[in-house]
Amino acid sequence: MRGINPFAATGREWLRPLPYPLLIVMPVTGSRRQLAVEIDAALHEVPISKDIVVTTPEDFAWRKDIADP
Numbered sequence: 000m001r002g003i004n005p006f007a008a009t010g011r012e013w014l015r016p017l018p019y020p021l022l023i024v025m026p027v028t029g030s031r032r033q034l035a036v037e038i039d040a041a042l043h044e045v046p047i048s049k050d051i052v053v054t055t056p057e058d059f060a061w062r063k064d065i066a067d068p
């Protein structure tokens with residue numbers, strides 16, 4: 000097995016679709032995590048992988064002006 004690295008990248012990792020990030024900014028009463036789970040359940044028929052993040056307008060307000068490096 001000389002010259003073979005079993006842990007080397009095979010290129011197949013590019014075949015996996017990356018999740019679409021969904022940032023939901025809205026007033027929230029209760030758990031933001033539970034709301035994200037409910038949104039994910041509502042979108043279960045949408046055939047994409049998705050990461051759902053829920054935040055409040057107050058929590059998002061100070062972040063909206065931060066530049067992406």
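Using the numbering used here, the letters of the sequence shown map in sequence onto residues 0 to 68. Virtual Cβ for every residue (Gly too), placed ideally from N, Cα, C.
Distance CB(residue i)-CB(residue j) smaller than 8 Å
{"i": "K49", "j": "P16", "result": "no"}
{"i": "P26", "j": "T55", "result": "yes"}
{"i": "I47", "j": "A35", "result": "no"}
{"i": "V45", "j": "R31", "result": "no"}
Option nearest residue i by Cα separation, candidates the options
{"i": "I38", "options": "P56, D58, I23, F59", "result": "I23"}
{"i": "T28", "options": "A41, E57, H43, A40", "result": "E57"}
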